[in-house]
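Visitor: Pasting a structure below so you can have a look.
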């Protein structure tokens, strides 16, 4: 994560008790955060690094594919969140989950960290250096929001057609 140029974070329901740690890590790494439906609200949607909730829009999948490191915390990366099929991880995938079986389900990680989300993230925080670059998050947030606005005008999301 320290050497990542384009980090990203995905949070699911299993990160619910780790909201403070997710916000700190996102800010420290300048890493945009997208949440699953079950992870909605872990990082407030008005946070500088929040991309909102939902893994199904094509622009969100493009964001994940653009990352050189993705940290997935407390998420199954389940088909119910991925209406258009599995995400493509072009960089490294690091997964944190309390369940050792779940951590390798639906997407095989390059690195697994089995443990409580809040405790594991708290242990990682001192290991990463602070950087500040909210521009990447702003770019992706605008792209995802524009896609949502176009779909609202059309009355039916492109991924639902």
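Residue numbers (the working numbering): -3 to 157.
All C-beta atoms, glycine included, are put in the ideal place defined by N, C-alpha and C.
For the alpha helix (DSSP H) that contains residue 24, what are its first and last residues?
Guide: 15 to 25
Visitor: Are the beta-carbon atoms belonging to residue 58 and residue 48 less than 8 Å from one another?
Guide: no
Visitor: Check each candidate in 122, 123, 67 and name the one with the smallest Cα separation from residue 99.
Guide: 67
Visitor: Expressed to the nearest angstrom, what Euclidean distance is found between the alpha-carbon atoms of residue 139 and residue 128?
Guide: Approximately 20 Å between the Cα atoms of the pair.
Visitor: Going by the beta-carbon positions, is the gap between residue 7 and residue 35 smaller than 8 Å?
Guide: yes
Visitor: So is residue 136 buried or exposed if we call it buried at 16+ other beta carbons inside 10 Å?
Guide: buried
Visitor: Suppose the cutoff is 7 Å on Cβ atoms and the five residues either side in sequence are ignored; what does the same chain contact list for residue 72 look like?
Guide: 8, 98, 101, 102
Visitor: If you reduce the DSSP assignment to three classes, tell me which class residue 94 lands in.
Guide: coil
Visitor: Roughly how many whole angstroms lie between the Cα atoms of residue 53 and residue 106?
Guide: 25 Å
Visitor: I need the DSSP call for residue 164, collapsed to helix, strand or coil.
Guide: Outside the shown range of the chain (-3 to 157) lies residue 164, about which nothing can therefore be said.
Visitor: Checking 8 Å against the spacing of the C-beta atoms, do residue 38 and residue 15 come in under that value?
Guide: yes
Visitor: Taking 6 Å as the limit between beta carbons, can you name the residues of its chain near residue 108, skipping five residues before and five after?
Guide: 91, 99
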